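The opening position of the sequence shown corresponds to residue 1 in the UniProt record's numbering, with each subsequent residue numbered one higher. From the three backbone atoms N, C-alpha and C, an ideal C-beta is built for every residue, glycine too. Computed from a predicted structure; not experimentally measured. Report on one structure; see the data block that follows.
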Amino acid sequence: MMADNRDPALTTFSDEEKFKDFSEVDSEDHEIGQYPSRTRSWRTVLLIVSSVIVAILIAIVAMSWTKSSHLKYDHCGTNANEARARGCVFETTGFTWLAPECADPATEAEFLEYIAKNEFKYYRTENYTEEVSVEEIRKGNGPGFFVREKYHLTHCLFLMKKLHRMRDKGAMIDGQIMPLHHTEHCMGQNLKALADTGFRKHDVQFSYTKFPYCGKPGGYNLEWPEQGTWTES
């Protein structure tokens, strides 16, 4: 059975419209006899409101499309050399190569300050014996580095902040954090950690390099099970 993906607000709107439909009520009472015209008035109002909402949505989509169409590149390729050649920047916050329009220097600076203050480490090997400097990490070379779960949870929270910050200033959003499932993943991980202080404490964590689209969901190398492939969501 297919899931009902209707927006709850639209469902409520539809139910309210049905509740207000008295067109089939039979009565000789004059007041009740006025309901059909009131129903038509409500339907007129709803039609106008719906038209306005649709117009606004079309405008938003058009604006997003216009922004995206002005990009020289809407993604950064599949490796660091291609990314640099396209003028992309690397963000440690998400381990992502991004078009400048989708980068968030403010959140990146806050994230780097936080991990330095709390002495979060990056490692070259899965046994966590060889540390890697932040300076090397910021070059964006290679497939990625090993981190602890606490780093994973922290990076998730900063990416959620980035999502809202970019949305608030009307900036373009990268394809890694744009989909709802990324926020759901981050929320789920942090809730599990709150419920269990030992959650994934000893698990090996690998933060891998990604190449999201700019202005639309998806990109290259975004999903762990589908490494080395392009995704559209």
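With respect to the beta strand (DSSP E) encompassing residue i, which residues constitute its N-terminal and C-terminal limits?
i, result
"residue 144", "144–147"
"residue 91", "89–91"
"residue 98", "96–98"
Candidates the options: which alpha carbon is nearest residue i's?
i, options, result
"residue 87", "219, 143 and 74", "74"
"residue 111", "233, 215, 229 and 155", "155"
"residue 223", "216, 210 and 214", "210"
"residue 202", "108, 89, 130 and 151", "151"
"residue 107", "153, 233 and 165", "165"
"residue 160", "144, 182 and 193", "182"
"residue 204", "84, 71, 124 and 91", "124"
"residue 232", "91, 174 and 116", "174"
"residue 71", "228, 214, 85 and 229", "214"
Would DSSP call residue i helix, strand or coil?
i, result
"residue 135", "helix"
"residue 76", "coil"
"residue 217", "coil"
"residue 128", "coil"
"residue 210", "strand"
"residue 229", "coil"
Residue range of the alpha helix (DSSP H) that residue i falls in?
i, result
"residue 189", "180–195"
"residue 101", "Note, residue 101: premise wrong, no alpha helix (DSSP H); not H, not E."
"residue 177", "Residue 177 -> no alpha helix (DSSP H), and no H or E assigned at all."
"residue 199", "Counting along the chain, residue 199 falls outside any alpha helix (DSSP H), and DSSP gives it neither H nor E."
"residue 112", "105–117"
State yes or no: is the beta carbon of residue i nearer than 8 Å to at least one beta carbon in chain C?
i, result
"residue 71", "Among the protein chains of the structure shown there is no chain C, as only one such chain exists."
Give the straight-line distance between the Cα atoms of residue i and residue j, rounded to the nearest whole angstrom.
i, j, result
"residue 114", "residue 212", "24 Å"
"residue 176", "residue 48", "36 Å"
"residue 163", "residue 178", "7 Å"
"residue 127", "residue 206", "11 Å"
"residue 167", "residue 146", "30 Å"
"residue 216", "residue 225", "21 Å"
"residue 138", "residue 169", "25 Å"
"residue 80", "residue 89", "10 Å"
"residue 220", "residue 102", "15 Å"
"residue 192", "residue 93", "21 Å"
"residue 109", "residue 134", "12 Å"
The ligand PLP and residue i: does the residue's C-beta get closer than 7 Å to at least one heavy atom of that ligand?
i, result
"residue 137", "You won't find the ligand PLP in this model; it holds no ligand whatsoever."
At least 3 beta-carbon pairs within less than 8 Å: the segment 116–125 vs the segment 94–103: No: the two stretches stay apart, fewer than three of their Cβ pairs being nearer than 8 Å.
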